[in-house]
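Peer 1:
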Amino acid sequence: MAEAVWNTDTGEAVYRSRDPVCNLRLRVHLQRITASNFLHYQPATQSGKDIIDLGTFRPHPTASGHRPDEDEEEEIVIGWQEKLFSQFEMDLYQNEAACQSPLDYQYRQEILKLENSGGRKNQRIFTYTDSDRYTNLEEHCQKMTTAASEVPSFLVERMANVRRRRQDKRGMEGGILKSHMVTWEPSEEFVKNNHVINTPLQTMYIMADLGPYGKLGYKTYEHVLCTLKVDSNGVITVKPDFTGLKGPYRIETNGEKQELWKYTIHNVSSLAQPEEEEREQRVFKDLYGRHKEYLSSLVGTDFEMTAPGALRLFVNGEVVSAQGYEYDNLYVHFFVELPTTNWSSPAFQQLSGVTQTCATKSLGLDKVAYFSYPFTFEALFLHEDESADALPEWPVLYCEVLSLDFWQRYRVEGYGAAMLPATPGSHTLRVSTWRPMDLGPVAELRRFFIGGSLELEDLSYVRIPGTFKGERLSRFGLRTETTGTVTFRLHCLQQSRAFMESSSLRKRMRSVLDRLEGFSQQSSIHNVLEAFHRARRRMQEARESLPQDLVSPSETLVT
2 MAEAVWNTDT
12 GEAVYRSRDP
22 VCNLRLRVHL
32 QRITASNFLH
42 YQPATQSGKD
52 IIDLGTFRPH
62 PTASGHRPDE
72 DEEEEIVIGW
82 QEKLFSQFEM
92 DLYQNEAACQ
102 SPLDYQYRQE
112 ILKLENSGGR
122 KNQRIFTYTD
132 SDRYTNLEEH
142 CQKMTTAASE
152 VPSFLVERMA
162 NVRRRRQDKR
172 GMEGGILKSH
182 MVTWEPSEEF
192 VKNNHVINTP
202 LQTMYIMADL
212 GPYGKLGYKT
222 YEHVLCTLKV
232 DSNGVITVKP
242 DFTGLKGPYR
252 IETNGEKQEL
262 WKYTIHNVSS
272 LAQPEEEERE
282 QRVFKDLYGR
292 HKEYLSSLVG
302 TDFEMTAPGA
312 LRLFVNGEVV
322 SAQGYEYDNL
332 YVHFFVELPT
342 TNWSSPAFQQ
352 LSGVTQTCAT
362 KSLGLDKVAY
372 FSYPFTFEAL
382 FLHEDESADA
392 LPEWPVLYCE
402 VLSLDFWQRY
412 RVEGYGAAML
422 PATPGSHTLR
432 VSTWRPMDLG
442 PVAELRRFFI
452 GGSLELEDLS
462 YVRIPGTFKG
472 ERLSRFGLRT
482 ETTGTVTFRL
492 HCLQQSRAFM
502 ESSSLRKRMR
512 SVLDRLEGFS
522 QQSSIHNVLE
532 AFHRARRRMQ
542 EARESLPQDL
552 VSPSETLVT
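Numbering follows my numbering, in which position 127 of the sequence shown is assigned residue number 128; successive positions increment by one, without gaps.
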């Protein structure tokens with residue numbers, strides 16, 4: 002009975018499997034329908050009979066009277082990377098002179114064993130594995146659409162020519178880079194060549210020799226039935242897709258005798274038994290357990306703890322961007338100042354850094370330079386003063402924004418400072434900056450034409466310097482100009498025994514940590530209170546110097 006529906010969807014299908022690909026099994030069924038010229042044959046109509054008998058499409062016996070029914074249909078189950086030899090390979094590798102590579106000699110030995118054991122199990126269906134020297138020419142002329150007039154693009158041609166197979170190339174240890182890390186002026190050819198993705202794949206072709214009876218073994222009659230590609234991530238690409246409930250695929254041969262063939266592809270991989278799945282789960286559980294033990298051995302059993310009464314601060318930060326500045330090509334110099342009392346850092350710790358020079362881009366009305374410059378540091382706070390009135394100080398982050406022109410001259414664009422967050426977690430700081438300026442247009446003209454500008458000798462002067470011991474810091478006469486903003490992203494971690502201890506030390510340390518957490522809010526209040534205390538002391542001294550009869554009772558009550 003002739004097939005009513007053909008499957009014309011010969012596109013590829015993509016699957017993902019966690020099972021080893023060696024368990025993949027395909028059943029391929031190939032059958033000759035009839036010669037193609039029979040389909041176009043119109044027999045003479047007889048009176049009262051307009052229906053063509055399907056019996057006329059049966060293949061006729063050969064001249065010798067033999068009807069090759071066994072050559073009309075073939076079905077075989079094929080495993081992943083299973084080698085099935087074609088008639089051409091059987092004839093080729095029997096000649097030892099045709100063998101050139103070790104793989105050829107291996108194929109010769111296998112073919113000789115097949116000949117001694119009664120021949121091969123396949124006749125027309127055979128395979129090309131990943132190790133064979135075969136390339137499907139149709140892959141070199143892929144089209145993105147079904148239009149007959151389509152011209153493939155450069156990328157399509159390059160992707161078609163890429164050999165997507167296993168790549169066992171390994172880099173030399175300690176090798177020196179042969180090219181620059183950054184290509185500042187890439188050419189058009191460079192951009193095209195580096196836009197091709199080369200993913201290592203294993204490929205397998207299921208082929209069919211559709212030559213006439215008695216003429217097997219000719220390359221011109223070889224046709225690709227199915228292409229299988231598998232990568233290391235378990236992605237399986239099948240072209241064409243498994244037949245399933247759809248109709249069979251058709252192949253119409255060209256040549257002296259046009260013939261029509263149909264074939265189907267079914268996935269007959271055996272399902273895992275419950276016992277096998279349970280055993281696999283146990284193996285994975287044991288594997289994950291061993292991997293966890295290995296990671297634990299790398300970390301170690303002795304977790305480094307801080308000293309009693311100490312707080313360790315870890316900061317993983319990033320200089321995100323700078324915006325609102327006058328000139329282009331910006332870079333940021335930043336450093337962290339630790340208070341002189343109770344704070345310290347490891348000797349190897351670097352508390353400063355300089356970002357790369359970054360060109361700005363327009364974002365609304367502002368020009369923004371994105372740095373994405375990471376930095377990290379560690380500091381240790383040791384609480385020694387247990388008095389309730391002692392407020393701990395907190396580290397301060399200072400930054401200086403500079404610009405660089407074509408002649409490598411730099412200008413100061415702004416200074417800024419911000420106190421590090423006293424609470425653990427992720428924080429985003431936007432530090433507003435200012436720069437000193439001089440009176441008159443001469444300084445600005447000098448800044449524009451020859452570079453250079455007024456600078457601070459000590460960057461901590463942006464805030465109250467830690468070395469300042471006086472009662473008041475006057476900036477009278479210093480003219481400044483508001484410039485832009487620098488954005489920092491900080492991830493703060495805190496470690497202390499007080500977080501896990503339940504003794505009186507925990508209570509005492511908790512009070513310190515509570516004050517640390519609220520120090521950013523208390524700092525301004527503390528400054529106001531300190532100024533009030535100083536004013537009260539001066540008033541008290543002034544009253545003591547006056548005669549007692551001049552001091553009113555109300556003033557005494559107020560004090």
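Beta carbons: idealized from backbone N, C-alpha and C, even for Gly.
#1: With S297 as the anchor, note down where its beta strand (DSSP E) starts and where it stops.
#2: Across which residues does DSSP place Q203 in a beta bridge pair?
#3: Buried or exposed for Y125, going by 16 or more other Cβ atoms inside 10 Å?
#4: Report the CB separation of A323 from G485 in whole angstroms; it is logged as a contact under 8 Å.
#5: In whole angstroms, give me the CA-to-CA distance for G215 and L115.
#6: At the level of alpha carbons, what is the spacing between T377 and K362?
#7: Strictly under 8 Å for the Cβ-Cβ distance: is T302 near chain C by that measure?
#8: Would K263 be called buried (16 or more neighbouring beta carbons within 10 Å of its own) or exposed?
#9: Which of the three DSSP states is assigned to M1 in this structure?
#10: Could you spell out where the beta strand (DSSP E) holding F607 opens and where it closes?
#11: How far does the alpha helix (DSSP H) with N117 in it reach, from first residue to last?
#12: Considering only the beta carbon of each residue, do E356 and V337 sit closer than 8 Å?
#13: Would you identify the three-state DSSP class for S461, choosing helix, strand or coil?
#14: By how many angstroms is the C-alpha of E281 removed from the C-alpha of R121?
#15: Given a cut-off of 8 Å, decide if L312 and S427 are closer than it, judged by their beta-carbon atoms.
#16: If you draw a straight line from the C-alpha of Y106 to the C-alpha of Q95, how long is it?
#17: For L40, collect the residues of the same chain with a Cβ closer than 8 Å to its Cβ; drop the 5 residues on either side in sequence, then sort them by chain order.
#18: Where does the unbroken beta strand (DSSP E) through S353 begin, and where does it stop?
#19: Using alpha carbons as the reference points, say which of M205, L352, S433 lies closest to V231.
#20: Decide if H224 is buried, meaning its Cβ has at least 16 other Cβ atoms within 10 Å, or exposed.
#21: Can the beta-carbon of L85 be found closer than 8 Å to that of N123?
#22: On the DSSP bridge assignment, give the partners of S433 in chain order.
#23: For N8, name the three-state secondary structure that DSSP assigns.
#24: Can you tell me whether H292 is buried or exposed, with buried defined as 16 or more other CB within 10 angstroms of its CB?
#25: I'd like the span of the beta strand (DSSP E) that includes H384, first residue to last.
#26: With DSSP as the reference, please indicate the residues paired to C493 in a beta bridge.
#27: What three-state label does DSSP hand R448 in the structure shown?
#28: On the criterion of 16 or more Cβ atoms from any shown chain inside 10 Å, does M208 qualify as buried, or is it exposed?
#29: Hey, how far is the Cα of L421 from the Cα of T429?
#30: Name the one or two DSSP bridge partners that Y219 has.
#31: Are there three or more Cβ pairs, one per stretch, closer than 8 Å when the region 268-288 is compared with the region 454-466?
#32: Per DSSP, what kind of secondary structure is F469 in: helix, strand or coil?
#33: Rounded to whole angstroms, what's the CA-CA distance from P565 to S132? Just pull it up for me.
#34: For E253, count the other beta carbons within 10 Å of its own beta carbon; 16 or more makes it buried, fewer makes it exposed. Which is it?
#35: Look at the alpha carbon of T184 and the alpha carbon of G325, and state the distance between them as a whole number of angstroms.
#36: In this structure, how does DSSP classify V78 when only helix, strand and coil are distinguished?
Peer 2: Based on what the coordinates show:
#1: By one-based count along the sequence shown, residue 297 stands at place 296. No beta strand (DSSP E) contains S297, which is instead part of the alpha helix (DSSP H) from 275-300.
#2: In the sequence shown, the residue the question calls residue 203 occupies position 202. In DSSP, Q203 forms a bridge with V231.
#3: Locating residue 125 in the sequence shown gives position 124, counting from the first residue. Note that residue 125 is Arg in the sequence shown here, rather than Tyr. Buried is the call here.
#4: Counting from 1 along the sequence shown, the entry for residue 323 is found at position 322. Counting from 1 along the sequence shown, the entry for residue 485 is found at position 484. Under the criterion of beta carbons closer than 8 Å, A323 and G485 qualify as touching, at roughly 6 Å.
#5: Counting from 1 along the sequence shown, the entry for residue 215 is found at position 214. Counting from 1 along the sequence shown, the entry for residue 115 is found at position 114. Computed Cα separation, rounded: 20 Å.
#6: To locate residue 377, count along the sequence shown from 1; it is residue 376. To locate residue 362, count along the sequence shown from 1; it is residue 361. Distance between the alpha carbons of T377 and K362: 27 Å.
#7: Here there is only one protein chain, and chain C is not present.
#8: Numbered from 1 along the sequence shown, position 262 holds the residue referred to as residue 263. Buried, since its Cβ has 16 or more Cβ neighbours within 10 Å.
#9: Residue coverage of the chain in this structure runs from 2 to 560, which leaves residue 1 outside it and unanswerable.
#10: Missing from the structure shown is residue 607; the chain here goes from 2 to 560 and no further.
#11: Sequence index remark: in the sequence shown, residue 117 carries index 116 (1-based). Under the DSSP assignment, N117 falls in the alpha helix (DSSP H) whose first and last residues are 103-117.
#12: By one-based count along the sequence shown, residue 356 stands at place 355. By one-based count along the sequence shown, residue 337 stands at place 336. According to the sequence shown, residue 356 is Thr rather than Glu. No, the pair does not count as a contact, with Cβ atoms beyond the cut-off.
#13: As a working mapping, residue 461 is identified with position 460 in the sequence shown. Here S461 sits in helix by DSSP.
#14: Translated into the one-based positions of the sequence shown, residue 121 becomes position 120. Translated into the one-based positions of the sequence shown, residue 281 becomes position 280. Each residue's Cα considered, the two are about 35 Å apart.
#15: As a working mapping, residue 427 is identified with position 426 in the sequence shown. As a working mapping, residue 312 is identified with position 311 in the sequence shown. No, Cβ-Cβ distance for S427 and L312 is not below 8 Å.
#16: Within the sequence shown, numbered from 1, the residue matching residue 106 stands at position 105. Within the sequence shown, numbered from 1, the residue matching residue 95 stands at position 94. Cα to Cα, Y106 sits roughly 10 Å from Q95.
#17: In the sequence shown, the residue the question calls residue 40 occupies position 39. Any reading at L40 must be qualified, since the residue scores a pLDDT of 47, below 50, and its modelled position is unreliable; the value itself is stated next. Result list for L40: L261, in chain order.
#18: In the sequence shown, counting from the first residue as 1, residue 353 sits at position 352. It spans 353-355 - the beta strand (DSSP E) in which S353 sits, taken as one unbroken run.
#19: As a first step, residue 231 must be located in the sequence shown, where it is residue number 230. Nearest of M205, L352, S433 to V231, Cα basis: M205.
#20: On the sequence shown, residue 224 is found 223 positions in, with the first residue counted as 1. It counts as exposed.
#21: As a working mapping, residue 85 is identified with position 84 in the sequence shown. As a working mapping, residue 123 is identified with position 122 in the sequence shown. Contact annotation: L85 and N123 have beta-carbon atoms nearer than 8 Å.
#22: Position 432 of the sequence shown holds residue 433. According to DSSP, S433 bridges with T486.
#23: Your numbering for residue 8 matches position 7 in the sequence shown. Coil.
#24: Counting from 1 along the sequence shown, the entry for residue 292 is found at position 291. Counting Cβ neighbours within 10 Å, H292 comes out exposed, since fewer than 16 surround it.
#25: Taking the sequence shown and counting its residues from 1, the one referred to as residue 384 is at position 383. It is not in any beta strand (DSSP E) - H384 carries neither H nor E in the DSSP assignment.
#26: Here residue 493 refers to the residue found at position 492 of the sequence shown. V316, G426, per the DSSP bridge assignment.
#27: Residue mapping note: residue 448 aligns to position 447 of the sequence shown, counting from 1. Residue state, collapsed to three classes: helix.
#28: Counted from its first residue, the sequence shown places residue 208 at position 207. Flag for M208 reads buried.
#29: On the sequence shown, residue 421 is found 420 positions in, with the first residue counted as 1. On the sequence shown, residue 429 is found 428 positions in, with the first residue counted as 1. Spanning the two alpha carbons is a distance of roughly 10 Å.
#30: Translated into the one-based positions of the sequence shown, residue 219 becomes position 218. Y219 is not bridged to any residue.
#31: These segments do not touch.
#32: Locating residue 469 in the sequence shown gives position 468, where the first residue counts as 1. Looking at F469 - three-state DSSP - the assignment turns out to be coil, as it is neither helix nor strand.
#33: Because the chain is modelled from 2 through 560, residue 565 falls outside the range shown and cannot be assessed.
#34: Counting from one through the sequence shown, the residue named residue 253 turns up at place 252. By the neighbour-count rule (16 or more Cβ atoms within 10 Å), E253 is not buried but exposed.
#35: Taking the first residue of the sequence shown as 1, we reach residue 184 at position 183. Taking the first residue of the sequence shown as 1, we reach residue 325 at position 324. So the two alpha carbons sit approximately 29 Å from each other.
#36: Against the sequence shown, residue 78 aligns to sequence position 77. In the structure shown, V78 sits in a strand (DSSP, three-state: E or B).
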